[in-house]
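Here's the structure we're looking at; comments come further down.
Numbering (the numbering used here), first residue to last: 610 to 684.
Given below as structure tokens:
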């Protein structure tokens, strides 16, 4: 699954833009970038400091959720 954003104005930094749109911290955005889940204009993003231009399309892929088994004694 993916979520697509369109930059309506210029932005200095992609990580700040996504942090505001998703209401998460910049560190969380940087983790998504490191995992290869963020694309700008259909190209993989490597750095959070990427400058956005009006009309840029940002795609965020949904991270995979893995379930970890519960440790004994927690139930």
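Even for Gly, the Cβ is constructed at its ideal location relative to N, Cα and C.
Review point. Who pairs with residue 670 in a beta bridge, going by DSSP?
Key: 611
Practice item. Return yes when the Cβ of residue 663 is within less than 8 Å of the Cβ of residue 617, no when it is not. Key: yes
Review point. Per DSSP, residue 661 is paired with what?
Key: 620
Practice item. Would you be able to state if there are at least three C-beta pairs under 8 Å between the segment 671-678 and the segment 622-629? Key: no
Review point. For residue 671, which residues from the same chain have a beta carbon less than 7 Å from its beta carbon, with the 5 sequence-adjacent residues on both sides left out?
Key: 610 and 611
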